[in-house]
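What follows is one structure encoded as structure tokens, with my remarks underneath.
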Amino acid sequence: MGYTGNMSVHKARMKIKYDPPTRYVRSSLHWGTICVLLGLLVAGGIRYLTTSQRAGALDFTTHLLSGDTSAVGVLSVEATDIDDDGDIDAITCGKDGLKVYKQLTGVTFEAKLIDDKACERVIVADLDKDGASDLLLTMWGRQPSVRWYRNTGNVEFSGTNIGTGSDGKAAVGDVDGDGALDVVTATTQGSLVVLERWMNNGSGSFTSTQLSADSGIQAIAIGDVDGNGFRDVVTSGSQGLQRWHTSDGLAFSRIDLDDSHTGQRHLAIGDINNDNKTDIVAAEPGGNQVIYYRNIDKWAFQRIDIGSDIDATTVQIVDLDEDGDMDVLAAAQDNNLIAWFDNDGSDSFTKRTLAEGLQSIFGVKAVDVDNDNDFDVIGGNHMRGTVYWFERVAAKPVATEPGSITQSTDGKGIITFTTTVSDGDYDATRIRVQYSLDGVNWYKPWLTSASPSAGAVNLKNSHGYQVGTTNAIDTNGNSEVTVTMKWDTKSAENTGGPVTGEQESVRLRIIPRDAVGNGETVDSDVFEIDNRGPLTTGMTVKQLASDLADLEWGKITDNSGAEFQIYYGSDAAKVLSKDSEVWDGSDDTALSEMSATGTTITDLAADTLYTFKLVLKDAFGNEASLSSVTGRTTKDGTSLVVTPGVSPNTTPAATVSAEPLPETTILPSTEPTLMPTATLTASPVVTIRPTVSLTPEIEETNLPPQADAGDDLVVNNGELVILDGTASRDPEGASLIYNWRQVVGKPVSLSSSNTATPSFTAKHDDDSYVFALTVRDLGGRVATDSVTIVTRLPLVQTIKKQNVEPTQTTNNIPFIVSGLLAPANYLLLFLAFCVTGVAIQGRIPHVLKFNIKQLIRRKTVQKTMSEMHVLRVLDSQNGRRLANVKLQVKGMDDKVWGKAETTENGEAALQLPVGRYRVELRGGAYSFAQAGLQIPVQSGEVVYTGGSLQVNRQDEPMTILVPLKRVVDEVLSWRMKLLKSWQFIQRRSHFLAWPVYIGGAGLNTTLLLWVAQLQFLIIEVIYIALVFIKVWIEMRQTPSYGVVRDAISRVPLDLAVVRLYEEKTGKLVLTRATNGQGKFFALPPSGTYTVTVTKPGYATFTRHDVMVNREQSGALQIQTDLMPVVPIARPFMAAA
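For the sequence shown, my numbering assigns the number 20 to the initial residue and increments by one for each residue that follows.
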């Protein structure tokens, strides 16, 4: 049925009000959130700023080495205790000669000029073997150019020239292996650069031998490159990098290592990657590089660029951060800085600047200047004529000596001990543990657990002696942490093998370490490990009766005491498995003393064959089981005295016979042996077999085997590698049991790991594998050895590893941070960006885009408006000027004469010649109002409502009024759904933004307090910025809610379209669609709007001058009733 009510009482209408019950209390929410976030930021910032941010870098404080700054032109720096007073002195050479800076009290220095001859480099060496440091100098532009200065005491020297020639280069080393330091020089003699070696007779007298007459050498170093025991000579210069090989210290042959790089000015030799091969580091200022030549197989070298864009003139190989990996220290002349390249142990280096702002720094030396057990650095400033020393000031981690050392009493040999670790810089720390049985040789223990008093730590995989390597000890959040560790002394994983027997001189060593370097090593007091059971000779049956057995054994030897347990019974199997009756100290009090050598077991059954087994256990649970014996009790209460070795003619009623015992008994330091069993049987005739003894014999001590895993190898990628443990042997010649396992490197499949020669295929370029071999003899003694296999890249390939300045690392971040909380933190930050973007979407793009356009258009129009025809676009109903209306003017031949868009004043300027035109609208928001304007028209103004426009004169600009009416297009269904989804997101984001901000900032602050890193501090600042942006936007927006209903039935209307236009410009600001309850939500900027509501089948409703005021504290409520276009007709009623 149709609607039958009175239509006149229903009409379209809109009610607008601010609803106090739903007040949007903005200020308290905004400022409360900001205060919370600022508090979190302050807390995180304080945590970050008070936490050392070295991340593996070192902290140095600059000191002037001496007030005397006359050392203009310092070119080389050395350091040694030149006066033998226990303090490090400095030596410089340069344009004003050779100087010694003697260290006085309080790390102050006094300069003394040794020689005023200009020199280039100084080398410290004891050339005359008198125990005092002498000096070797090279000079530029002088002849002779190599000179050595004998130390005569009291910082006095006498100088002597070596050879002839100018522009000398030199190096010192024992070339011929006679114990005296020789000198190798390269000097310019005429047109040639002559390479010579000067053999030292031990007292400072040198004999020359020429190696090359035209070498072009600029730098020399000496070292045993091929590991044959004789030092080779390494040179660089105009002919590239060369090695002068010797196998006897007398004859040398030249080998070119790198003839394509000729600009190297300084060389250093050392084992960079801990592979027991001598590597080479070169300063190459011509290429602005520091180059590391990795020794591949003692003959081939791999060139690795560890430092680019650095004009290095001097390099030194030194473990500057004391992490066990050799670093490279460099002085950079033109860069005016000292840098060091931090080695991570895998041939990867990070450039770190130690000092900058210097002037042409040439010389540098790392040495412990202040005797505080760390490396300081001395550098000579060439142009300013000063010498500095840079004191390392970072606090080292500290560990107490191992204490509370106890051994378990279960026989497993577990040692428990503790140490307390602290770090003055509040850095996270880790420790390494070592042990020694003699105070000389130190090994790595196999730790089974580590429990800290705060936080959590772990043991490094396959390296059971390192604690906190991947999950550090929490000394970054605690003033000290006590770590309790357990050491399995009987494990074959101990690098010294299982600890056996009684060891009375055991020590434990702790090496604490943080991101900077090692702390002071601490050793425990001497303690004892007892992994041997009590010692005694075998047990015998001394006397038998019908109800007792008298047993005896030898004297017990053990440092910790012994507990006696005698298992006995008629069931031999139960006795041997220790599942029988036990006779101990509770049965015979004499057994409570270690001095007991026998006992009498009573309450035995007559005429019964008994088995007796003695088990000894010391205070630490170590057991020693003696061979069992048997004996038969008599029948009638008579006793039988057994005397081994009695004459065969003796006639006691007893028979003694030997039977093999199927029991294996392991005694300390003995092999398993099958012991005889004595059987006593009552008989009228006594037969004695004198070849049988009732006392088990103890065989000689079983010596441990010797493990040999073979030589280290360098192999190609893809090559089949056969490990060789056949050199392993047992001193007694017994066969061995082999077991191989991989301990370092990417996992590979090892075939036949229980044989002497397993194999695998090397699958990774430039990688290292370490395999451990454990051999075991039949007596249970074991030995271990390891072998290293290195895979190499093709020798023609050069690896360049670029360096970056130190950045914050996350090396010690626990997994819960890096794996769980950090991703959640980034997710919340992403959500914060999203909700902020939703908040500003309706304001920032509109305001910025509109204002920028109007600014540009206003300046353009002001210049041309007076000379052009003006089209003024107006609303036909109220005469308001319409902005942003796009117009296009065409001639009658459809030629486009101009395009324009109205300004905020509703005007557009066009220059048109005389003729007829028509105006078209671009965009479907408006159409021409054919009825014209509803307001008066001024004289001289022309109204255009469509059709043709006549321009009669070009020199007289016209004002053309263009009345328009709004055209409301029907919104497509897919767009309607999109609009509904968008307003749902906008409404939810409006409220969810605050918990996202608080949650994200709270989590981020937690991470910042836990792991003080710069990235978390930056995120904290981002949260503050996002909140300020959202507050700034929302202070200019008021939430708007509304409902659209049918004006007649009051039923909510779904999919009604609500549009807001700026009242002044007519620009569409936003569009909303109602949901199933007829509701919509919007966040319009403050301003005055025209609101239109449309829905198919209903008349369009328009309301002007709707104000959205950000000063109002309530939410804007808009209620709209729409009238149907055509009332529902009554049904036709037929006449009766």
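Even for Gly, the Cβ is constructed at its ideal location relative to N, Cα and C.
Hey, would you say residue i sits closer than 8 Å to residue j, going by beta carbons?
i     : j     : result
S164  : G187  : yes
K384  : E97   : yes
A350  : T333  : yes
R795  : L755  : yes
I236  : G268  : no
V648  : V560  : yes
T807  : V801  : no
I239  : A205  : yes
L356  : I380  : yes
A1092 : L1074 : yes
A232  : V213  : yes
L141  : L156  : The residue you asked about is not Leu; residue 141 is Val in the sequence shown. A contact, by the Cβ cut-off of 8 Å.
S222  : D147  : yes
K1049 : T855  : yes
A746  : G650  : no
Please go through the same chain and pick out, in chain order, the residues whose beta-carbon is closer than 8 Å to the beta-carbon of residue i, but skip the five residues on each side of it.
i    : result
T576 : P553, L554 and T555
M247 : Residue identity check: residue 247 is Asn in the sequence provided, not Met. Excluding sequence neighbours, N247 sits near S266.
S885 : Its pLDDT being 49, under 50, S885 is placed unreliably by the model, and the measurement read from it follows with that caveat. Excluding residues within five positions, the ones whose Cβ falls inside 8 Å are P976.
I433 : Q426, S427, T467, K505, W506, D507 and T508
V194 : D201, V203, R216, M218, I241, F249, R250, V252, T265 and G268
Residues in its own chain within less than 7 Å of residue i by CB, not counting five upstream and five downstream?
i     : result
T921  : V892, L901, A902, N903, V904 and A927
G1106 : E1081 and V1127
V174  : I101, D102, V119, K121 and K131
D361  : G75, D340, D346, F368, T369 and R371
L722  : P750 and E751
L847  : V1015, G1018, G1019 and L1022
In the DSSP assignment, what residue or residues form a beta bridge with residue i?
i    : result
N170 : F176
L929 : H888
F360 : V347 and K370
N550 : G520
H285 : A302
H82  : W408
C112 : S95 and L117
I979 : L890 and V961
Q229 : E215
L968 : Y936
E582 : K636
If you draw a straight line from the C-alpha of residue i to the C-alpha of residue j, how long is it?
i     : j     : result
Q827  : A534  : Residue confidence is low: Q827 scores 32 on pLDDT, short of 50, so the model does not pin down where it sits. Its coordinate-derived value is still stated next. Approximately 12 Å, taken between the alpha carbons.
N537  : P416  : 7 Å
T608  : A643  : 21 Å
V1156 : P1071 : Look at the range of the chain in this structure, 20 to 1155, and you will see that residue 1156 is not part of it.
M33   : F849  : 40 Å
V1046 : A919  : 40 Å
R216  : A358  : 33 Å
D298  : H285  : 14 Å
D749  : Q725  : 6 Å
L339  : I291  : 12 Å
V1015 : V1062 : 29 Å
G305  : D344  : 28 Å
Near residue i, which residues of its chain fall below 6 Å by C-beta distance, leaving aside the five closest residues on each side in sequence?
i    : result
D294 : none
V61  : none
S327 : Q308
D566 : L623
A581 : P553, I575, M613, L635 and D637
L59  : A1020 and T1024
Sequence ranges, alpha helix (DSSP H) only - wholly within the region 584-631, length at least 4: 591-595
Which complete beta strand (DSSP E) runs does the region 1037-1102 hold, if anything under 3 residues is left out? 1059-1065, 1076-1081, 1087-1092 and 1098-1101
Which ranges would you report for the beta strand (DSSP E) in the region 436-491 if only whole runs of at least 3 residues count? 449-455, 466-471 and 482-486
* Ranges of the alpha helix (DSSP H) found wholly within the region 244-294, counting only runs of at least 4 -> none
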